[in-house]
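> Residue numbers (the UniProt record's numbering): 1 to 268.
From the three backbone atoms N, C-alpha and C, an ideal C-beta is built for every residue, glycine too.
This is the structure we're talking about:
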(Lines of atoms letter the chains of each structure in order from A and count residues from 1; the text may use other names and numbers.)
(Lines give C-alpha, C1' and ligand atoms only; values in the text may rest on other atoms or scores of the structure.)
Protein backbone atom coordinates (compact mmCIF):
# COMPACT_ATOMS: atom_id res chain seq x y z
CA UNK A 1 0.00 0.00 0.00
CA UNK A 2 1.15 3.55 -0.73
CA UNK A 3 0.94 5.84 2.32
CA UNK A 4 0.67 9.61 2.07
CA UNK A 5 3.00 10.00 5.04
CA UNK A 6 4.53 7.70 7.62
CA UNK A 7 7.02 7.95 10.46
CA UNK A 8 8.71 4.73 9.29
CA UNK A 9 7.50 2.15 6.78
CA UNK A 10 9.46 -0.57 8.59
CA UNK A 11 7.79 0.33 11.87
CA UNK A 12 4.37 0.51 10.19
CA UNK A 13 4.65 -2.95 8.64
CA UNK A 14 6.04 -4.43 11.84
CA UNK A 15 3.22 -2.97 13.91
CA UNK A 16 0.56 -4.12 11.44
CA UNK A 17 2.00 -7.64 11.38
CA UNK A 18 2.14 -7.92 15.16
CA UNK A 19 -1.45 -6.68 15.42
CA UNK A 20 -2.82 -9.17 12.87
CA UNK A 21 -0.18 -11.67 11.74
CA UNK A 22 -2.58 -13.72 9.64
CA UNK A 23 -3.29 -10.76 7.35
CA UNK A 24 0.31 -10.31 6.16
CA UNK A 25 1.72 -12.45 3.37
CA UNK A 26 5.09 -12.65 1.70
CA UNK A 27 5.71 -9.68 -0.63
CA UNK A 28 3.05 -7.49 0.98
CA UNK A 29 4.44 -3.97 1.21
CA UNK A 30 4.04 -0.38 2.35
CA UNK A 31 5.69 2.71 0.90
CA UNK A 32 5.72 6.49 1.14
CA UNK A 33 7.43 9.53 -0.27
CA UNK A 34 7.19 11.26 3.10
CA UNK A 35 8.94 9.27 5.83
CA UNK A 36 9.47 11.48 8.86
CA UNK A 37 11.45 9.30 11.30
CA UNK A 38 13.22 6.65 9.29
CA UNK A 39 16.08 4.66 10.77
CA UNK A 40 18.97 2.92 9.07
CA UNK A 41 21.54 0.47 10.34
CA UNK A 42 23.02 1.06 13.80
CA UNK A 43 20.16 3.44 14.60
CA UNK A 44 21.26 6.06 12.10
CA UNK A 45 18.54 8.50 11.04
CA UNK A 46 17.24 8.25 7.48
CA UNK A 47 15.10 11.21 6.48
CA UNK A 48 14.75 13.36 3.36
CA UNK A 49 12.62 16.27 2.15
CA UNK A 50 9.08 15.23 1.24
CA UNK A 51 8.79 13.74 -2.22
CA UNK A 52 12.52 13.33 -2.84
CA UNK A 53 12.99 9.73 -1.68
CA UNK A 54 11.08 6.47 -1.68
CA UNK A 55 10.77 4.55 1.58
CA UNK A 56 9.50 1.05 0.82
CA UNK A 57 9.19 -1.94 3.15
CA UNK A 58 8.54 -5.48 1.96
CA UNK A 59 7.32 -8.28 4.23
CA UNK A 60 8.42 -11.93 4.08
CA UNK A 61 6.99 -14.77 6.18
CA UNK A 62 9.59 -17.22 7.49
CA UNK A 63 9.68 -20.73 8.97
CA UNK A 64 6.30 -21.76 7.60
CA UNK A 65 5.39 -24.35 4.94
CA UNK A 66 6.44 -23.00 1.55
CA UNK A 67 8.19 -19.97 3.07
CA UNK A 68 11.87 -19.17 3.47
CA UNK A 69 13.56 -20.79 6.49
CA UNK A 70 14.97 -18.45 9.10
CA UNK A 71 18.54 -19.65 8.56
CA UNK A 72 18.39 -18.24 5.02
CA UNK A 73 16.44 -15.09 5.91
CA UNK A 74 19.58 -12.96 6.21
CA UNK A 75 19.77 -13.09 2.42
CA UNK A 76 16.45 -11.26 2.01
CA UNK A 77 18.01 -7.81 2.34
CA UNK A 78 20.56 -8.76 -0.32
CA UNK A 79 17.75 -10.08 -2.52
CA UNK A 80 15.98 -6.71 -2.28
CA UNK A 81 19.21 -4.88 -3.05
CA UNK A 82 19.71 -7.06 -6.12
CA UNK A 83 16.16 -6.31 -7.28
CA UNK A 84 16.82 -2.60 -6.84
CA UNK A 85 19.88 -2.76 -9.10
CA UNK A 86 17.70 -4.35 -11.77
CA UNK A 87 15.09 -1.64 -11.20
CA UNK A 88 17.62 1.14 -11.67
CA UNK A 89 18.89 -0.44 -14.87
CA UNK A 90 15.35 -0.76 -16.26
CA UNK A 91 14.76 2.91 -15.47
CA UNK A 92 17.69 3.91 -17.64
CA UNK A 93 21.01 3.42 -15.88
CA UNK A 94 23.92 2.23 -17.96
CA UNK A 95 24.58 -1.48 -17.88
CA UNK A 96 26.28 -2.44 -14.61
CA UNK A 97 26.16 1.14 -13.26
CA UNK A 98 24.09 -0.04 -10.28
CA UNK A 99 26.11 -2.19 -7.88
CA UNK A 100 25.84 -3.71 -4.39
CA UNK A 101 28.08 -2.58 -1.55
CA UNK A 102 28.11 -5.14 1.26
CA UNK A 103 26.23 -5.39 3.50
CA UNK A 104 23.31 -3.07 2.76
CA UNK A 105 23.96 -0.32 0.22
CA UNK A 106 23.21 0.13 -3.47
CA UNK A 107 25.63 2.28 -5.46
CA UNK A 108 24.94 4.10 -8.69
CA UNK A 109 27.99 5.20 -10.65
CA UNK A 110 30.05 4.63 -7.52
CA UNK A 111 27.92 6.63 -5.07
CA UNK A 112 25.27 5.50 -2.59
CA UNK A 113 21.74 5.81 -3.95
CA UNK A 114 19.95 3.46 -1.54
CA UNK A 115 20.25 1.72 1.80
CA UNK A 116 18.62 -1.44 3.13
CA UNK A 117 17.51 -2.39 6.66
CA UNK A 118 16.02 -5.78 7.60
CA UNK A 119 14.17 -6.43 10.87
CA UNK A 120 12.88 -9.73 12.27
CA UNK A 121 9.48 -9.97 13.99
CA UNK A 122 7.84 -12.82 15.89
CA UNK A 123 4.43 -12.86 17.54
CA UNK A 124 2.45 -15.43 19.52
CA UNK A 125 -0.64 -16.70 17.72
CA UNK A 126 -4.00 -16.77 19.54
CA UNK A 127 -4.66 -19.93 21.56
CA UNK A 128 -7.68 -20.83 19.46
CA UNK A 129 -5.59 -20.62 16.30
CA UNK A 130 -2.92 -22.89 17.80
CA UNK A 131 -5.63 -25.32 18.92
CA UNK A 132 -6.90 -25.51 15.35
CA UNK A 133 -3.49 -26.48 14.04
CA UNK A 134 -1.59 -23.23 13.50
CA UNK A 135 1.96 -22.72 14.76
CA UNK A 136 2.47 -21.21 18.20
CA UNK A 137 4.24 -18.23 16.67
CA UNK A 138 4.21 -16.35 13.39
CA UNK A 139 7.49 -14.86 12.21
CA UNK A 140 8.46 -12.50 9.46
CA UNK A 141 11.19 -10.27 8.13
CA UNK A 142 10.56 -6.68 7.07
CA UNK A 143 13.08 -5.34 4.58
CA UNK A 144 13.13 -1.56 4.27
CA UNK A 145 14.62 0.09 1.20
CA UNK A 146 15.33 3.80 1.14
CA UNK A 147 16.08 5.16 -2.33
CA UNK A 148 17.13 8.70 -3.21
CA UNK A 149 14.88 9.72 -6.10
CA UNK A 150 15.25 13.44 -6.76
CA UNK A 151 17.52 14.90 -4.08
CA UNK A 152 19.71 17.76 -5.27
CA UNK A 153 23.40 18.10 -4.47
CA UNK A 154 22.49 20.48 -1.64
CA UNK A 155 20.03 17.99 -0.13
CA UNK A 156 22.37 15.00 -0.07
CA UNK A 157 23.40 13.91 3.44
CA UNK A 158 27.02 13.17 2.45
CA UNK A 159 29.17 13.76 -0.61
CA UNK A 160 29.42 10.02 -1.27
CA UNK A 161 25.65 9.85 -1.88
CA UNK A 162 23.64 10.54 -5.01
CA UNK A 163 20.09 10.35 -6.35
CA UNK A 164 18.53 8.89 -9.46
CA UNK A 165 17.89 12.39 -10.81
CA UNK A 166 21.50 13.46 -10.31
CA UNK A 167 22.58 10.46 -12.35
CA UNK A 168 20.24 11.36 -15.20
CA UNK A 169 17.36 9.00 -14.35
CA UNK A 170 13.99 10.73 -14.45
CA UNK A 171 11.44 8.59 -12.61
CA UNK A 172 8.92 9.54 -9.97
CA UNK A 173 8.29 7.69 -6.72
CA UNK A 174 5.31 5.72 -8.05
CA UNK A 175 7.27 4.50 -11.08
CA UNK A 176 10.28 3.41 -9.05
CA UNK A 177 7.97 1.57 -6.65
CA UNK A 178 6.12 -0.16 -9.50
CA UNK A 179 9.27 -1.37 -11.25
CA UNK A 180 10.92 -2.51 -8.02
CA UNK A 181 7.90 -4.56 -6.98
CA UNK A 182 7.92 -6.27 -10.36
CA UNK A 183 11.58 -7.22 -9.95
CA UNK A 184 11.36 -8.37 -6.33
CA UNK A 185 8.43 -10.63 -7.21
CA UNK A 186 10.38 -12.13 -10.09
CA UNK A 187 13.58 -12.53 -8.09
CA UNK A 188 11.78 -14.02 -5.11
CA UNK A 189 10.18 -16.60 -7.38
CA UNK A 190 13.67 -17.58 -8.58
CA UNK A 191 14.79 -17.96 -4.97
CA UNK A 192 11.69 -20.00 -4.16
CA UNK A 193 12.22 -22.20 -7.21
CA UNK A 194 15.71 -23.01 -5.92
CA UNK A 195 14.17 -24.39 -2.75
CA UNK A 196 15.46 -21.32 -0.90
CA UNK A 197 18.99 -22.66 -1.35
CA UNK A 198 20.81 -19.38 -1.76
CA UNK A 199 23.90 -21.08 -3.15
CA UNK A 200 21.90 -22.37 -6.14
CA UNK A 201 21.07 -18.97 -7.66
CA UNK A 202 21.19 -15.96 -5.36
CA UNK A 203 24.83 -16.08 -4.28
CA UNK A 204 26.06 -16.11 -7.87
CA UNK A 205 23.72 -13.31 -8.90
CA UNK A 206 24.87 -11.19 -5.97
CA UNK A 207 28.56 -11.79 -6.69
CA UNK A 208 28.04 -10.49 -10.22
CA UNK A 209 26.79 -7.20 -8.76
CA UNK A 210 29.03 -6.95 -5.70
CA UNK A 211 31.22 -3.87 -5.99
CA UNK A 212 33.51 -4.94 -3.15
CA UNK A 213 34.98 -7.95 -4.95
CA UNK A 214 38.54 -7.29 -6.06
CA UNK A 215 38.79 -4.02 -4.12
CA UNK A 216 40.97 -3.07 -1.20
CA UNK A 217 38.63 -2.54 1.73
CA UNK A 218 38.67 -1.76 5.41
CA UNK A 219 36.29 -3.93 7.42
CA UNK A 220 35.19 -2.13 10.58
CA UNK A 221 34.09 -4.92 12.94
CA UNK A 222 31.54 -4.63 15.78
CA UNK A 223 34.29 -5.19 18.37
CA UNK A 224 36.23 -2.17 17.11
CA UNK A 225 38.85 -4.11 15.18
CA UNK A 226 39.75 -3.24 11.61
CA UNK A 227 40.69 -5.69 8.87
CA UNK A 228 42.36 -4.16 5.82
CA UNK A 229 42.87 -6.18 2.68
CA UNK A 230 41.40 -7.31 -0.62
CA UNK A 231 37.84 -8.60 -0.79
CA UNK A 232 38.21 -11.91 -2.61
CA UNK A 233 34.90 -13.78 -2.22
CA UNK A 234 31.38 -14.01 -0.83
CA UNK A 235 30.97 -17.24 1.10
CA UNK A 236 27.85 -19.47 1.04
CA UNK A 237 26.55 -17.84 4.23
CA UNK A 238 26.81 -14.33 2.76
CA UNK A 239 29.97 -13.30 4.61
CA UNK A 240 32.78 -11.46 2.84
CA UNK A 241 36.22 -13.04 2.62
CA UNK A 242 38.97 -10.45 3.00
CA UNK A 243 42.59 -11.43 2.39
CA UNK A 244 45.17 -9.33 4.24
CA UNK A 245 48.69 -8.53 3.07
CA UNK A 246 50.13 -11.43 5.08
CA UNK A 247 48.02 -13.89 3.09
CA UNK A 248 45.50 -14.64 5.82
CA UNK A 249 41.81 -14.90 4.96
CA UNK A 250 39.27 -13.27 7.28
CA UNK A 251 35.55 -14.07 7.23
CA UNK A 252 33.54 -10.85 7.74
CA UNK A 253 29.98 -11.62 8.80
CA UNK A 254 29.09 -8.29 10.42
CA UNK A 255 30.36 -4.74 10.34
CA UNK A 256 30.88 -1.91 7.90
CA UNK A 257 32.95 -2.21 4.75
CA UNK A 258 34.75 0.93 3.63
CA UNK A 259 35.99 0.99 0.05
CA UNK A 260 39.07 3.00 -0.74
CA UNK A 261 37.68 6.14 -2.34
CA UNK A 262 38.83 8.41 -5.09
CA UNK A 263 39.31 12.14 -4.59
CA UNK A 264 35.90 12.87 -6.17
CA UNK A 265 34.18 11.01 -3.35
CA UNK A 266 33.14 8.00 -5.39
CA UNK A 267 33.97 4.47 -4.36
CA UNK A 268 36.86 2.92 -6.23
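Is the beta carbon of residue 95 closer than 8 Å to that of residue 187?
no
> Let me check understanding here. Comparing Cα to Cα, which of 74, 166, 139, 216 lies closest to residue 24?
139
> Alpha carbon to alpha carbon, what distance is there between residue 177 and residue 194?
26 Å
> Suppose the cutoff is 6 Å on Cβ atoms and the five residues either side in sequence are ignored; what does the same chain contact list for residue 13 look like?
30, 57, 59, 142
> Thinking residue 209 and residue 162 are a contact (beta carbons under 8 Å), I'd like their distance in whole angstroms, please.
Contact doesn't hold; Cβ gap of about 17 Å is too wide.
> Looking at residue 85: is its Cβ nearer than 8 Å to the Cβ of residue 98?
yes
> Which of helix, strand or coil does DSSP assign to residue 29?
strand
> First and last residue of the alpha helix (DSSP H) that includes residue 173?
173-193 is the span of the alpha helix (DSSP H), which, as asked, contains residue 173.
> With DSSP as the reference, label residue 223 as helix, strand or coil.
coil
> Considering Cα atoms alone, identify which of 18, 10, 258 is closest to residue 123.
18
> Leaving out the 5 sequence neighbours to the left and right, which residues in its chain are closer than 6 Å to residue 228 when beta-carbon positions are compared?
Hits under 6 Å: 218.
> Taking the DSSP output, what are the residues bridged to residue 231?
242
> Out of curiosity, what's the CA-to-CA distance linking residue 230 and residue 185?
34 Å
> When the cut-off is 8 Å and only beta carbons count, does residue 227 lie next to chain D?
Looking at the structure shown, chain D is missing, and only one protein chain is on hand.
> If you drop the 5 nearest sequence neighbours on each side, which residues of the same chain put their C-beta closer than 6 Å to that of residue 233?
241
> Does DSSP put residue 148 in a helix, a strand or coil?
strand
> Between the alpha carbons of residue 220 and residue 64, how many angstroms are there, rounded?
Residue 220 and residue 64 have their alpha carbons spaced roughly 35 Å apart.
> Can you pull the DSSP bridge partners for residue 218?
228, 258
> If you check the beta carbons only, do residue 32 and residue 6 fall under 8 Å apart?
yes
> Helix, strand or coil for residue 77, going by three-state DSSP, please let me know.
helix
> Since I believe residue 78 is in contact with residue 206 (beta carbons under 8 Å), could you give me their beta-carbon distance rounded to a whole number of angstroms?
Rounded to the nearest angstrom, the Cβ distance from residue 206 to residue 78 is 6 Å, consistent with a contact under 8 Å.
> So, residue 81 versus residue 116, is the Cβ gap smaller than 8 Å?
In this structure, residue 81 sits near residue 116, with a CB-CB distance shorter than 8 Å.
> Check the C-beta distance from residue 153 over to residue 166 and give it rounded, since I have them as a contact under 8 Å.
7 Å
> I need the straight-line Cα distance from residue 37 to residue 47, nearest angstrom please.
Each residue's alpha carbon lies about 6 Å from the other.
> Between the C-alpha atoms of residue 34 and residue 106, what's the straight-line distance to the nearest angstrom?
21 Å
> Bridge partners for residue 112 per DSSP, in chain order?
107, 161
> For the beta strand (DSSP E) containing residue 306, list its first residue and its last residue.
No statement about residue 306 is possible, as the shown extent of the chain runs from 1 to 268 and does not include it.
> Going straight from the alpha carbon of residue 2 to that of residue 248, what length do you get?
48 Å
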